[in-house]
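Input: a single structure, listed below in structure tokens.
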Amino acid sequence: MDNLGLLMGGFGAVLTPENLMYCAIGVLLGTFVGVLPGIGPAMAVALLLPVTYGLDPVAAFIMFAGIYYGGMYGGSTTAILLNTPGESASVMTALEGNLMARAGKAAQALATAAIGSFIAGTIGTLLVVFFAPALASVAVEIGAPSYFALMVLAMVSVTSVLGGSPLRGFIALFIGLTIGLVGLDLNTGQPRLSFDQPLLADRIDVVVVAVGIFALGEALWVAAHLRRSPAHVIPVGRPWMSRADFRRSWGPWLRGTAYGFPFGAVPAGGAEIPTFLSYITEKRIAARHGKDEFGRGAIEGVAGPEAANNASAAGTFVPLLALGLPVTATSAVMLAAFQGYGIEPGPSLMTDQPDLVWALLASLLIGNALLLVLNLPLAPVWAKLLRIPRPQLYAGILFFAALGSYATNLQPFDLFLLLLLGLLGLMMRRFALPVLPLILGVILGPLMELKLREAMAISGGEVDALWSEPLAVVIYAVVAVAIIAPLVLRTIRPAPAAVAVDEGLAGDTTREEETVR
Amino acid sequence: MTTIVVGWTPDEFGEAALRRALEEARLREGRVVVVNATRGDALVDERYADDEQLAALATELGGAGIEVDVRRSMGADVGDQVLAVAADVAADLVVIGLRRRTPVGKLLMGSVAQRILLGAECAVLAVKPTA
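Top to bottom, those sequences are chains E and U. Numbering-wise (full-length UniProt numbering), the first sequence opens with residue 1 and increments by one. Numbering-wise (full-length UniProt numbering), the second sequence opens with residue 1 and increments by one.
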């Protein structure tokens, strides 16, 4: 299969004025939500899920892809200028990036982050172009038992490898799986967990769950902690880099990409580990060359992790497009969007919807270039967004959240569900339960059940059919490693998040409560 | 002893108000209470002093030879916070800096100065930075 030819076809589809406009809207919106901590691309895509009813799939996914990449860019701006990482992926960027900004080198930090993101995103997307179709053509042969095992792997790895506490992760995962169970059993027509409510028997719409947990939950959490000591943005002009900065950056960019892509591509994703690995690698290399500026604002410490997190973001498209397995919150919500269009995500996606897939990949490359063009000159403008008062900002978000949930089915009952799920989201934030496993459980749970039923139907109810395929056995072995390895590693050496805390930077400083007066 | 409350922000408006408050304090042999308040509902508020600006303020006040108290607070309305301090210390005079607002700014933002002017129990002195 001539992947590059197909990609060119994708470019042809994207390069219409209308699609370019959606791409631009996407990257601007993505940067907007990325700059503001607490609001991420996952929330933005969730709020925009209802537009999929009126938009053709190609345009919608071009916009979503723009939001995804834009969120990554925006997060680094806040991390550097405010020392507030918007998400775990930019924790490492904030370490050296903020030190650089304090030393008066904010412009160079922003430039190396933006250009590094562009390079890593472009290389990563090209790798997706080559890997995803190959993986998909193999994956088509995968039987239901192995597919089930893959989904177990995605859930377990996301839950236990990422985040600080596996217990909290699994609690969130099982809440999500339970929400995914609500409604009529598609095989037997029995109502499950519907409490004799005909409206619940209809299943809970993914839009309502995603909007409730991401948007309403966050809004309630912010409302509960409305007043916090404000900070100052470090003033910055137009980002630029000198020749010497380039010389010091290109190595970290490429190494960061090499770390990030594989971690995104295997369904054990997340940008936390590769950014951490990239950071310590650059630190070691700098020390060996005897010019270790880490701790005083080293440009390598921004270039490497920033490239790693974008490469990992690109890498997550491999499992999403080739297997239908999401490993980040944003790609999970994008999977829900596929379902909204009645498109079955999975290995057959590439052959069933080639136009959509290639247009999506082409738009990733175009969006990446647009981001570079937009963000280099606009960084000071984006920093101004941080002055928006929270009441106004979240009032807007609540408006769109309620509108979107209601518009899905025109059912007032959905607004009641939205409120309940929003309260659940608030409680999850209160008790530091990660949101990603829950969303993954809600979205992957029903698909997983489908594969389980399929495997059971084929085997006539024999449970050992689940490990009848060699591939499934291998995957379960990996699952076991994914559960045990973090436990072992934690005893040997502290988790990346703990190191970040040690170095004077909490994983999520906005979550810290402050006492004033 | 005369007590003068000054609404201070780390910019030219706060600077003008503070300078005038110190002059008044010297004239009346009184003390100065500096109030720096924020609504605290945005991530960034340039008018809420950071540690560096507070240190600069402390050195400036240290050289003035006047009894000075600095209070920082956070609440729904900056004007109310200044008024609360004024009531608390039984102020004889409140000094504030006036800023110019555009027509759109008037529409969007409430005026801290207006709240203080209308709500204060004592005299209010409004100053502008000399151009």
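Positions of the beta carbon are idealized from the N, C-alpha and C atoms, including for glycine. As the structure is a computational prediction, the values presented were derived from the model and not from experiment.
Checklist entry - What span of residues does the beta strand (DSSP E) with U/Ala123 cover, start to end? => result The residue labelled residue 123 of chain U in the question sits at position 123 within the second sequence. Boundaries of the beta strand (DSSP E) harbouring U/Ala123: Ala123 to Val127, taken from the DSSP string.
Item to check | Three-state secondary structure (DSSP) of E/Pro191 | outcome: The residue given as residue 191 of chain E occupies position 191 in the first sequence. In this structure, E/Pro191 counts as strand in the three-state DSSP scheme.
Item to check | E/Glu454 versus E/Gly30 - alpha carbon distance | outcome: As a first step, residue 454 of chain E must be located in the first sequence, where it is residue number 454. As a first step, residue 30 of chain E must be located in the first sequence, where it is residue number 30. Straight across, the Cα-Cα distance linking E/Glu454 with E/Gly30 is about 38 Å.
Checklist entry - Got a sec: is the Cβ-Cβ distance from U/Thr2 to anything in chain E below 8 Å? => result If you number the second sequence from 1, residue 2 of chain U lands on position 2. Output row for U/Thr2: interface = no.
Checklist entry - Grouping DSSP H, G and I as helix and E and B as strand, with all else coil, what is residue 150 of chain U? => result Nothing about residue 150 of chain U can be read from this structure; chain U reaches only from 1 to 131.
Checklist entry - In chain E, what lies closer than 9 Å to U/Glu46 by C-beta? => result To locate residue 46 of chain U, count along the second sequence from 1; it is residue 46. Under the 9 Å cutoff, chain E gives Pro230, His232, Val233 and Arg387.
Checklist entry - Along the chain, which unbroken stretches of the beta strand (DSSP E) at least 3 residues long are found entirely within the stretch 450-495 of chain E? => result You should have found no qualifying run.
Next on the checklist: Considering only DSSP beta bridges, list what U/Thr3 is partnered with.
Outcome noted: In the second sequence, residue 3 of chain U corresponds to position 3, counting from 1. U/Arg31.
Checklist entry - If the cut is a Cβ gap below 7 Å, which residues of chain E does U/Thr38 touch? => result Taking the first residue of the second sequence as 1, we reach residue 38 of chain U at position 38. Neighbours of U/Thr38 on chain E, chain order: Pro230.
Next on the checklist: To test your reading of the DSSP string, which unbroken alpha helix (DSSP H) runs of 4 or more residues are found completely within the stretch 64-123 of chain E?
Outcome noted: 91-102, all fully within the stretch 64-123 of chain E.
Checklist entry - If you measure from the beta carbon of U/Asp77 to each beta carbon in chain E, is any gap under 8 Å? => result For the purposes of this step, residue 77 of chain U is taken as the residue at position 77 of the second sequence. With 8 Å as the cut-off, U/Asp77 does not count as an interface residue toward chain E.
Checklist entry - In the DSSP assignment, what are the bridge partners of E/Ala231? => result Stepping through the first sequence from its first residue, residue 231 of chain E is reached at position 231. Paired residues: U/Val44.
Checklist entry - Taking the alpha carbon of E/Phe64 as the point to measure from, which residue in E/Gln190, E/Leu335, E/Ile475 and E/Ala224 has its own alpha carbon closest? => result Indexing the first sequence from 1 puts residue 64 of chain E at position 64. E/Phe64 has its Cα closest to that of E/Leu335, out of E/Gln190, E/Leu335, E/Ile475 and E/Ala224.
Checklist entry - Looking at the structure shown, is E/Thr178 part of a helix, part of a strand, or coil, going by DSSP? => result As a working note, residue 178 of chain E is residue 178 in the first sequence. Of the three classes helix, strand and coil, the one that applies to E/Thr178 here is helix, per DSSP.
Checklist entry - Just reading off the beta strand (DSSP E) that U/Ile96 is part of, what are its end residues? => result As a first step, residue 96 of chain U must be located in the second sequence, where it is residue number 96. First-last of the beta strand (DSSP E) with U/Ile96: Leu93 to Gly97.
Checklist entry - Applying a beta-carbon distance threshold of less than 9 Å, which residues of chain U neighbour E/Pro37? => result Here residue 37 of chain E is taken as the residue at index 37 of the first sequence, counted from 1. Under the 9 Å cutoff, chain U gives Leu43.
Next on the checklist: Please identify, using Cβ separations under 8 Å, the residues of the stretch 387-416 of chain E that lie next to chain U, in order along the chain.
Outcome noted: Within the stretch 387-416 of chain E, the qualifying residues are Arg387, Ile388, Pro389, Arg390 and Pro391.
Next on the checklist: Alpha carbons only, please: which of E/Ile343, E/Met241, E/Ile397 and E/Leu325 is nearest the one belonging to E/Thr112?
Outcome noted: Here the question's residue 112 of chain E lines up with position 112 in the first sequence. Looking at the Cα atoms, E/Met241 is the closest of the given residues.
Checklist entry - Which residues in the same chain have their Cβ closer than 7 Å to the Cβ of E/Leu199, if we skip the five residues on either side of it in sequence? => result Position 199 of the first sequence, counted from the start, is the residue given in the question as residue 199 of chain E. If we look at E/Leu199 and ignore the five residues flanking it on each side, its Cβ neighbours are Gln411 and Phe413.
Checklist entry - Helix, strand or coil for E/Thr52 per DSSP? => result Locating residue 52 of chain E in the first sequence gives position 52, where the first residue counts as 1. Helix.
Checklist entry - Within the 8 Å Cβ cut-off, does E/Arg102 reach chain U? => result For the purposes of this step, residue 102 of chain E is taken as the residue at position 102 of the first sequence. Judged by the 8 Å Cβ criterion, E/Arg102 is not in contact with chain U.
Next on the checklist: Taking the straight line between their C-alpha atoms, what separation do you get for E/Leu81 and E/Ile234?
Outcome noted: Numbered from 1 along the first sequence, position 81 holds the residue referred to as residue 81 of chain E. Numbered from 1 along the first sequence, position 234 holds the residue referred to as residue 234 of chain E. Cα-Cα distance, rounded: 5 Å.
Checklist entry - Is any beta-carbon of chain U found at less than 8 Å from that of E/Leu335? => result On the first sequence, residue 335 of chain E is found 335 positions in, with the first residue counted as 1. At least 8 Å separates the CB of E/Leu335 from every CB of chain U.
Checklist entry - In the structure shown, what three-state DSSP assignment does E/Val318 receive? => result Taking the first residue of the first sequence as position 1, residue 318 of chain E is located at position 318. If DSSP states are grouped into helix, strand and coil, E/Val318 belongs with the helices.
Next on the checklist: Can you confirm whether the stretch 427-442 of chain E touches the stretch 66-83 of chain E when touching is taken to mean that 3 or more C-beta pairs between the two stretches lie within less than 8 Å?
Outcome noted: Judged by Cβ distances under 8 Å, the stretch 66-83 of chain E makes no contact with the stretch 427-442 of chain E, as fewer than three pairs qualify.
Checklist entry - Do E/Thr125 and E/Leu489 have their C-beta atoms within less than 8 Å of each other? => result Mapped onto the first sequence, residue 125 of chain E falls at position 125. Mapped onto the first sequence, residue 489 of chain E falls at position 489. No, the Cβ-Cβ distance between E/Thr125 and E/Leu489 is not below 8 Å.
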